[in-house]
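Undergrad: Numbering (this note's numbering), first residue to last: 216 to 368. Ideal Cβ placement from N, Cα and C applies to all residues, glycine included. Keep in mind the model is a prediction, meaning the values are calculated, not measured.
(1) Between the alpha carbons of residue 336 and residue 286, how many angstroms are there, rounded?
(2) Using DSSP's beta-bridge definition, name the partner residues of residue 300.
(3) What residue range is occupied by the uninterrupted beta strand (DSSP E) comprising residue 256?
(4) Are there three or more Cβ pairs, one per stretch, closer than 8 Å when the segment 233–245 is compared with the segment 290–297?
(5) Between the beta-carbon of residue 308 and the beta-carbon of residue 263, is there less than 9 Å?
(6) Given a threshold of 16 other Cβ atoms within 10 Å of its Cβ, counted over all protein chains shown, does residue 251 qualify as buried or as exposed?
(7) Ends of the alpha helix (DSSP H) at residue 316?
(8) To the nearest angstrom, report how far apart residue 232 and residue 248 are at their CA atoms.
(9) Just mark residue 311 as buried or exposed, buried being the case when its beta carbon has 16 or more other beta carbons within 10 Å.
(10) If residue 305 and residue 321 are in contact, beta carbons under 8 Å, what's the gap, nearest whole angstrom?
(11) From which residue to which residue does the alpha helix (DSSP H) around residue 226 run?
(12) In this structure, how does DSSP classify residue 292 when only helix, strand and coil are distinguished?
(13) Can you name the start and end residues of the beta strand (DSSP E) that residue 333 belongs to?
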């Protein structure tokens, strides 16, 4: 693994209404030279949609390419993939459902676990991600929706 910076932070977001238009946007800023002499300058950014079309949290271990500026939160995933990546820079993050926070807090942060992180799935335009959901591949904590019970057993 090349250059690596490990930053750990938890940010609870209570009572965020689910919507497929809600995204987490991260901007990488850096200072050159004397850090206190100049304000940090934006260098790259990444975006992750937080909910699927069925209003479920897209919990899991995500790997996001850091994109070239300018930051544009209005882009679809397809358009976002057209924005050049800044070198090989990537952001690795875990998105956790609140009910799983205590267990997930015990997880070790280790660059050797990078293989466990997946690129986000495209947000489906249909009303359900169905069997093609990225849940099993992405280490989702949320269980899939319950299967329908047969009637009249």
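TA: The structure says:
(1) Your numbering for residue 336 matches position 121 in the chain shown. Your numbering for residue 286 matches position 71 in the chain shown. Going by the C-alpha atoms only, they are around 21 Å apart.
(2) Taking the chain shown and counting its residues from 1, one reaches residue 300 at position 85. Beta-bridge pairing links residue 300 to 282.
(3) The residue given as residue 256 occupies position 41 in the chain shown. From DSSP, the beta strand (DSSP E) with residue 256 extends over 256–264.
(4) No, the segment 233–245 does not touch the segment 290–297.
(5) Position 93 of the chain shown, counted from the first residue, corresponds to residue 308. Position 48 of the chain shown, counted from the first residue, corresponds to residue 263. Closer than 9 Å, so yes.
(6) Here residue 251 is taken as the residue at index 36 of the chain shown, counted from 1. The residue is exposed, with fewer than 16 neighbouring Cβ atoms inside 10 Å.
(7) Stepping through the chain shown from its first residue, residue 316 is reached at position 101. Counting along the chain, the unbroken alpha helix (DSSP H) around residue 316 starts and ends at 316–319.
(8) Translated into the one-based positions of the chain shown, residue 232 becomes position 17. Translated into the one-based positions of the chain shown, residue 248 becomes position 33. Going by the C-alpha atoms only, they are around 42 Å apart.
(9) Numbered from its first residue, the chain shown carries residue 311 at position 96. When all chains shown are included, residue 311 counts as buried.
(10) If you number the chain shown from 1, residue 305 lands on position 90. If you number the chain shown from 1, residue 321 lands on position 106. 24 Å between Cβ atoms; not a contact.
(11) Locating residue 226 in the chain shown gives position 11, counting from the first residue. Element bounds for residue 226: n/a, residue is neither H nor E.
(12) By 1-based counting over the chain shown, the position of residue 292 is 77. DSSP places residue 292 in the helix class (H, G or I) of the three-state scheme.
(13) Against the chain shown, residue 333 aligns to sequence position 118. Unbroken run through residue 333: none, as it is neither H nor E.
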